[in-house]
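**Student:**
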Amino acid sequence: MSGLAETWIERPGYRLRVHHGGDPGRPLVLFLHGYPDSQRMWQEIMTALADDHRVASLDWPGIPADEPRQPARHYRIDRLLADIEAVVQELGADRLHLVGHDWGATIGWSYVTHPDYGQRVLSWSFISGPHLAIWRQWGLEGLKSLSPRRLWPVVAQLLRASYTVPLLVWPLGEALWRLGGVRGWQWVLRLAGVPRDDPLLEEPRDQVMAMALGPMALYRQNVLHPPPLPPRGSVTCPVQLIIAERDPFVSEAGYANLADYATDLRTARLPGSHWVTRSHPDEVIALLRTFLTISAP
Numbered sequence: 001m002s003g004l005a006e007t008w009i010e011r012p013g014y015r016l017r018v019h020h021g022g023d024p025g026r027p028l029v030l031f032l033h034g035y036p037d038s039q040r041m042w043q044e045i046m047t048a049l050a051d052d053h054r055v056a057s058l059d060w061p062g063i064p065a066d067e068p069r070q071p072a073r074h075y076r077i078d079r080l081l082a083d084i085e086a087v088v089q090e091l092g093a094d095r096l097h098l099v100g101h102d103w104g105a106t107i108g109w110s111y112v113t114h115p116d117y118g119q120r121v122l123s124w125s126f127i128s129g130p131h132l133a134i135w136r137q138w139g140l141e142g143l144k145s146l147s148p149r150r151l152w153p154v155v156a157q158l159l160r161a162s163y164t165v166p167l168l169v170w171p172l173g174e175a176l177w178r179l180g181g182v183r184g185w186q187w188v189l190r191l192a193g194v195p196r197d198d199p200l201l202e203e204p205r206d207q208v209m210a211m212a213l214g215p216m217a218l219y220r221q222n223v224l225h226p227p228p229l230p231p232r233g234s235v236t237c238p239v240q241l242i243i244a245e246r247d248p249f250v251s252e253a254g255y256a257n258l259a260d261y262a263t264d265l266r267t268a269r270l271p272g273s274h275w276v277t278r279s280h281p282d283e284v285i286a287l288l289r290t291f292l293t294i295s296a297p
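Counted the way UniProt numbering counts, the sequence shown spans residues 1 to 297.
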């Protein structure tokens, strides 16, 4: 990625590609990408913040295209937390700010709530991705309430998430991705806010398949077997929820119980869709820069 150094970190049976740069005297700001995506989605944001911060991002196992496809078990959240920790250790970071989008936000939530890893997190900013167990708790409480006011948002979120059904059924999801190819992937990203002229949409087929097929196991490995529910009030670092107001996949209602777990929760809104990081990068940069400043040690 432009202006950033590339490092490879060896893991058991695979390796992780990391891009990093910026001011080495500042705390690390680590960016986590989602699905079907790569760390390239953060490029412009990281490059801008590297002027006055230390920044880094990683690709999940099996990305980029010339890396071998990884077994499904490598996409369990607990395995991915160990990958994040390996990156943090390799970069020599004692403390860090964490930023996540989509599955990167979901995985980041588990890092922040981990009893050991979470102690080093200075701040946590996330977009369009819940903690799976907190989200599940919200849904179950809404369903059990039988109150239309609480029940309907849960039903609406289940409808929004119906796209995950083929992703949970491995042969079906793989067949659909292979059939749709690059055009199908571009359609998904365009549907969810990536501008038509965004260079992100220029990925070749082998890279699209690397991002879509192996990491599809994120759904099979974690949705039905979420991480433990953290104790209430256990997240004490500053947390910034950036709501993409036109997100077709993740509803704002699903964050209703976050304040029960995060003691310092702040909310910002942007008039974009799921990939608001691509459609409104300047606004995301401004929100992150302000939040990183007020959360500095």
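By construction, the Cβ of each residue, glycine as well, lies at the ideal position given by its N, Cα and C atoms.
(1) Could you check if alanine 262 is buried or exposed, using at least 16 other CB atoms within 10 Å of its CB as the buried criterion?
(2) The ligand ADP heavy atoms versus the CB of leucine 241: any closer than 6 Å?
(3) On the premise that alanine 217 lies in contact with alanine 82, defined as a C-beta separation below 8 Å, what is that separation, rounded to the nearest angstrom?
(4) Is the separation between the beta-carbon of alanine 244 and that of serine 128 shorter than 7 Å?
(5) Between arginine 11 and glycine 92, what straight-line distance do the alpha-carbon atoms span, to the nearest angstrom?
(6) Just to confirm my understanding: we take isoleucine 64, look at its own chain, exclude 5 residues before and 5 after, and list those with CB closer than 8 Å. What are they?
(7) Please list, in chain order, all residues of the same chain as arginine 160 whose beta carbon is under 8 Å from its beta carbon, the five residues on each side excluded.
(8) Measuring straight from C-alpha to C-alpha, what distance separates arginine 183 and leucine 241?
(9) Among the residues of its own chain, which have a CB less than 6 Å from the CB of glutamine 157, if the five just before and after it don't count?
(10) Mapping the DSSP letters down to three states, classify phenylalanine 291 as helix, strand or coil.
(11) Out of Val169, Leu58, Leu4, Arg150, state which residue places its alpha-carbon closest to the alpha-carbon of glutamate 90.
(12) Is it buried or exposed for valine 165, if we count other Cβ within 10 angstroms and need 16 for buried?
(13) Could you tell me the distance, in whole angstroms, from the CA atom of histidine 19 to the CA atom of valine 87?
(14) Is arginine 95 buried or exposed, if buried means 16 or more other CB atoms sit within 10 Å of its CB?
(15) Sort out for me which residues DSSP pairs threonine 267 with in a bridge.
(16) Considering only their Cβ atoms, is the gap separating histidine 97 from valine 29 smaller than 7 Å?
(17) Just the Cα atoms here: how many angstroms apart are leucine 143 and arginine 150?
(18) What number of angstroms, rounded off, separates the C-alpha of histidine 280 from the C-alpha of tryptophan 124?
(19) Could you tell me the distance, in whole angstroms, from the CA atom of proline 204 to the CA atom of glycine 181?
(20) Between the segment 132 to 141 and the segment 190 to 203, do at least 3 Cβ pairs fall closer than 8 Å?
(21) Quick test of your reading: leucine 32 and glycine 108, contact by CB under 8 Å. State the CB separation rounded to the nearest angstrom.
(22) Can you tell me where the alpha helix (DSSP H) with tyrosine 219 in it begins and where it stops?
(23) With 16 other CB atoms within 10 Å as the buried threshold, where does glycine 13 fall?
(24) Could I get the ranges of all uninterrupted alpha helix (DSSP H) runs contained in the segment 68 to 94, with 4 residues as the minimum, in chain order?
(25) At 4 residues or longer, and completely inside the segment 146 to 227: list those alpha helix (DSSP H) runs for me, N to C.
(26) Taking the alpha-carbon positions, what's the tryptophan 177 to valine 284 distance?
(27) Alpha carbon to alpha carbon, how far is valine 235 from glycine 118?
(28) Based on Cα-Cα distance, which residue from Ala5, Val154, His225 lies nearest to glutamine 43?
(29) Using the rule of at least 16 other Cβ atoms within 10 Å of the residue's Cβ for burial, across every protein chain shown, is isoleucine 77 buried or exposed?
(30) For alanine 175, count neighbouring C-beta atoms within 10 Å of its own C-beta (all shown protein chains included) and say buried if the count is 16 or more, exposed if not.
(31) Which residues in the same chain as threonine 277 place their Cβ atom closer than 8 Å to its Cβ, once the five residues preceding and following it in sequence are excluded?
(32) Less than 7 Å separating the beta-carbons of glutamine 70 and glycine 173?
**Tutor:** In short:
(1) Reading the sequence shown from its first residue, position 262 is the one you call residue 262. Buried, by the Cβ-count rule.
(2) As presented, the structure is devoid of all ligands, the ligand ADP included, so that no description of it is given.
(3) On the sequence shown, position 82 is the one that residue 82 refers to. On the sequence shown, position 217 is the one that residue 217 refers to. Between alanine 217 and alanine 82 the Cβ distance is about 16 Å, and since that is not below 8 Å, they are no contact.
(4) Numbered from 1 along the sequence shown, position 244 holds the residue referred to as residue 244. Numbered from 1 along the sequence shown, position 128 holds the residue referred to as residue 128. It is a contact, given that the beta carbons lie within the stated cut-off.
(5) In the sequence shown, counting from the first residue as 1, residue 11 sits at position 11. In the sequence shown, counting from the first residue as 1, residue 92 sits at position 92. Answer to the nearest angstrom: the Cα atoms are 17 Å apart.
(6) One-based indexing of the sequence shown puts residue 64 at position 64. Note on identity: in this sequence residue 64 is proline, with isoleucine being the wrong assignment. Result list for proline 64: Arg17, Ser38, Gln207, Ala210, in chain order.
(7) The count along the sequence shown starts at 1 and reaches residue 160 at position 160. So the qualifying residues of the chain are Pro248, Phe249, Val250, Ser251.
(8) Residue 183 sits at position 183 when you count from the first residue of the sequence shown. Residue 241 sits at position 241 when you count from the first residue of the sequence shown. Taking the straight line joining both Cα atoms gives about 31 Å.
(9) As a position in the sequence shown, residue 157 is number 157, starting the count at 1. These residues qualify, in order along the chain: Ser251, Gly254.
(10) As a working note, residue 291 is residue 291 in the sequence shown. DSSP places phenylalanine 291 in helix when its eight states are reduced to three.
(11) Residue mapping note: residue 90 aligns to position 90 of the sequence shown, counting from 1. Answer by Cα proximity: Leu58.
(12) In the sequence shown, counting from the first residue as 1, residue 165 sits at position 165. Under this definition valine 165 is an exposed residue.
(13) By one-based count along the sequence shown, residue 19 stands at place 19. By one-based count along the sequence shown, residue 87 stands at place 87. In a straight line, the C-alpha of histidine 19 is about 10 Å away from that of valine 87.
(14) Your numbering for residue 95 matches position 95 in the sequence shown. By the 10 Å Cβ count, arginine 95 comes out exposed.
(15) Stepping through the sequence shown from its first residue, residue 267 is reached at position 267. Per DSSP, Leu241.
(16) The residue you call residue 29 lines up with position 29 of the sequence shown. The residue you call residue 97 lines up with position 97 of the sequence shown. Result yes, Cβ atoms of valine 29 and histidine 97 sit closer than 7 Å.
(17) Taking the sequence shown and counting its residues from 1, the one referred to as residue 143 is at position 143. Taking the sequence shown and counting its residues from 1, the one referred to as residue 150 is at position 150. When rounded, the distance between both Cα atoms is 8 Å.
(18) Translated into positions along the sequence shown, residue 280 becomes position 280. Translated into positions along the sequence shown, residue 124 becomes position 124. Cα-Cα distance, rounded: 20 Å.
(19) Here residue 204 is taken as the residue at index 204 of the sequence shown, counted from 1. Here residue 181 is taken as the residue at index 181 of the sequence shown, counted from 1. Those two C-alpha atoms are separated by around 10 Å.
(20) no
(21) Taking the first residue of the sequence shown as position 1, residue 32 is located at position 32. Taking the first residue of the sequence shown as position 1, residue 108 is located at position 108. Indeed, because the Cβ distance is near 5 Å, the residues count as touching under 8 Å.
(22) Position 219 of the sequence shown, counted from the first residue, corresponds to residue 219. First-last of the alpha helix (DSSP H) with tyrosine 219: 217 to 222.
(23) Locating residue 13 in the sequence shown gives position 13, where the first residue counts as 1. Answer is exposed; the Cβ neighbour count stays below 16.
(24) Counting only runs of 4 or more, we get 77 to 90.
(25) Those alpha helix (DSSP H) runs which fall completely within the segment 146 to 227 and span 4+ residues are 148 to 160, 164 to 168, 170 to 191, 205 to 212, 217 to 222.
(26) To locate residue 177, count along the sequence shown from 1; it is residue 177. To locate residue 284, count along the sequence shown from 1; it is residue 284. Cα to Cα, the separation comes out at about 30 Å.
(27) The sequence position of residue 235 within the sequence shown is 235, counting from 1. The sequence position of residue 118 within the sequence shown is 118, counting from 1. C-alpha separation (whole angstroms): 8 Å.
(28) In the sequence shown, counting from the first residue as 1, residue 43 sits at position 43. Answer by Cα proximity: Ala5.
(29) In the sequence shown, counting from the first residue as 1, residue 77 sits at position 77. Its Cβ being crowded by 16 or more others within 10 Å, isoleucine 77 is buried.
(30) Residue numbering aside, residue 175 sits at position 175 when the sequence shown is read from its first letter. By the 10 Å Cβ count, alanine 175 comes out exposed.
(31) Counting from 1 along the sequence shown, the entry for residue 277 is found at position 277. For threonine 277, where only same-chain residues beyond five positions count, the Cβ hits under 8 Å are Met41, Trp42, Ile45, His101, Ile127, Val284.
(32) Position 70 of the sequence shown holds residue 70. Position 173 of the sequence shown holds residue 173. Contact: no.
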